[in-house]
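Everything below concerns the one structure shown next.
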Amino acid sequence: MNAPSVGGRGRPVIVLIAVCLAVLTLPASLTGTSVALPRIGVDLHAGYAPLQWVVNSYNLAFACSMLACGSAADILGRKRLFVAGLTLFSLSSAVSVLTSDIIVLDAARALAGVGAAAVMTAGSAILATTFEGAAQARAFAILGSAAGAGLALGPSTAGLLVDAFGWRGVFASHLVVMVLVAVAVPMVRESRNPAAIRFDWPGIASFTLSLLLLMLGVVQGPQWGWSSAGTVLLLVAAAVLMALFVVAELRQARPMFDLGLFGQPRFLAASLVPLSLSFGFVCLVVLLPAYLTGARGMSVGRAGDTMMLLTLPVLVVPLVVSNLVRRGLSTRLVLSLSMLVAAGGAAWLTVIDQDIAVVSLIGPLFLIGTGMGMTAGLVDGVAITSVRPEQAGTAAGMFNTVRLASEAVAIAAMGALVLDVTRGRISAGLPATAVPPGGADAATIANKAVSGNLTGAADGLTGTARADFLDLLTRSYTHGIHVLLWLLVGIGAATGVVLHLLLRPREVGVTTTEQAEPVTVAVDA
């Protein structure tokens, strides 16, 4: 390999394996944890909102910390930050294994998200300094494949772990992997960016707080009411802080988030792809397992296996698309069509109900996964090649921040939508059916149902009354999923049209090319 010496001929390969193993764990920690949520909710007696924060706090902290960790890697050192990220992620996973309190688990997951951001940014920068030329391109391609594998295999692996060891086994596996990665740390060479001299504290603080308040408002909206003073205050404060972030970045001579790049139609188009797929793909990876275990009655392991119908195309389809693009297929056509394919899959998935056979899920789930797979790697290349070479690092950082932030917001927003719609249907149906002991209201019942604990919501009922009540819950929950899916159809179709318009062939004089080589580019810390 064409790589600078790091103390031995075989060591760059070991560094690559270690970084890829760590990065593989990061998306698996999101998609795998979603499969474990129903079991966590039952064991820790958690309601919907605190249970969703097991996923949301990780995703939010991951997204909010990317920009800060990118700066920290440049200033403090890539190896130092990588070690700090491994340590924080490992300790947080250990706390997650040991705790019996949902709030402690939520806090540990938030810390794990910060650690994940440090591992991701520092890890990608370590590869950039360990390899050069063609070897570097291959290293980043392998890194992208590792991230895709984590996304695809997370649900099924977590399902097996939950069935074998309980939900704590999922977090224990994260700890084991990071300990293995730590063995390779002595082989990593330290590096810094001499041009990086300070943190952009105003930008970091305003962006992080804005996303945090937005997520709080979206998650708590169904609990407090969308017109309640608390919800409105959170959403308004989030908007004000985001405006302050924009002002702070516009005033920077060298902003960490160069808003001017969104003036490039191709970069804007590339950024819309992960934004749309956060709704059309990622939120389904998180929300569907609870429906499959709760309404459909699957075991956690069976639900994880079923989710592979959605995630496996992310591993296979990019290889096919990559070859087609190299042979001249237009990126404009591929990206526009990918949105329509995912939208078509979401429309087809509206056949889902509590009685559906798994074989009937193969087509729609595979189609949605294919839409996601068509963009994997390719869209990263579009984002980076749409700007001048000296802007590539900033573009990569912005693109990954948009990806992670949109995933965090999409999961929270779509979860709130399903909860709201389900609660409305339950409220309308309660007068016609038996009410559980204790006089639980529609909101409390919906919280349990959407957490995958439908049987828990019917505790105390027997015979016909229990059957009628469970039927109401499953029909209400199914309606919530259907409303979600039709919204995803609209988002995907609209994005496909917008991409087709934004990705028009370039005019003469533009320095970058229309075709983007399929690559995977992580944040250039």
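Position one of the sequence shown corresponds to residue 0 (numbering that gives the first Met the number 0), numbered consecutively onward.
Ideal Cβ placement from N, Cα and C applies to all residues, glycine included.
- In the DSSP assignment, S95 falls within the alpha helix (DSSP H) that extends over R77 to L97.
- For Y47, the closest alpha carbon among the candidates F206, L25, F88 and A289 is that of A289.
- Secondary structure note for V357: it is in no alpha helix (DSSP H), with a DSSP letter that is neither H nor E.
- V417 and V182 have their alpha carbons spaced roughly 43 Å apart.
- For the segment 336-421, the full-length alpha helix (DSSP H) segments reaching 4 residues or more read 358-374 and 377-384 along the chain.
- Cβ-Cβ separation between V22 and A145: approximately 5 Å, consistent with a contact (criterion under 8 Å).
- Taking P37 as the centre and dropping the five residues before and after it, the same chain places the C-beta of P288, A289, T292, G293, V299, S450, G451 and N452 closer than 8 Å to its C-beta, in chain order.
- Between S190 and G76, the C-beta gap is smaller than 9 Å, which places the two residues in contact.
- For H44, the number of other beta carbons within 10 angstroms of its own is below 16, and it is reported as exposed.
- Ranking Q51, R250, G220 and L213 by CA distance to the CA of M241 puts L213 first.
- Counting along the chain, R10 sits inside the alpha helix (DSSP H) bounded by residues R10 to L43.
- Secondary structure note for V496: its alpha helix (DSSP H) is the uninterrupted segment G462 to L501.
- Under the three-pair Cβ rule at 8 Å, the segment 171-181 counts as touching the segment 79-96.
- Of the candidates L20, G147 and W166, the residue whose Cα lies closest to the Cα of L85 is L20.
- About 27 Å separates the CB atoms of F164 and A117; that is not less than 8 Å, and the two are not in contact.
- Excluding residues up to 5 positions away in sequence, L308 lie with their Cβ nearer than 7 Å to the Cβ of I361 in the same chain.
- Inter-residue distance for A457 and T477 is about 17 Å (C-alpha atoms, whole angstroms).
- For the options I203, V316, A237 and A464, the alpha carbon positioned closest to that of A148 is the one of V316.
- Annotated as proximal: V378 and V272, with beta-carbon spacing under 9 Å.
- By the criterion of a C-beta distance shorter than 8 Å, M65 is surrounded in its chain by A116, M119, T120, G396, N399, T400, L403 and V522, once the five residues flanking it on both sides are discounted.
- Per DSSP, Q263 lies in no alpha helix (DSSP H) and is assigned neither H nor E.
- The closest CA to that of H481, considering only D352, L29 and L502, is found on D352.
- For F206, the enclosing alpha helix (DSSP H) begins and ends at W200 to W223.
- The C-alpha of G459 is placed about 16 Å away from the C-alpha of L429.
- Around A83, the same chain offers A117 as residues with beta carbons nearer than 6 Å, after the five sequence neighbours per side are excluded.
- Nearest Cα to I367 within the set G491, I383 and V235: G491.
- In the displayed model, E131 falls within coil according to three-state DSSP, outside both helix and strand.
- One alpha carbon belongs to F170, the other to A302, and they sit about 18 Å apart.
- For the 9 Å CB-CB criterion, A341 and L150 do not form a contact.
- When the five nearest sequence neighbours on each side are left out, the beta carbons in the same chain lying within less than 7 Å of the beta carbon of R10 are those of M186, in order along the chain.
- Assignment of A183 by DSSP, reduced to helix, strand and coil, places it in the coil class.
- Non-local C-beta neighbours of A27 in its own chain, meaning closer than 6 Å and more than five positions away in sequence, comprise G149 and G153, ordered along the chain.
- Across the structure, V381 and S227 are spaced so that their CA atoms are roughly 42 Å apart.
- For the options G143, R424 and A127, the alpha carbon positioned closest to that of L472 is the one of R424.
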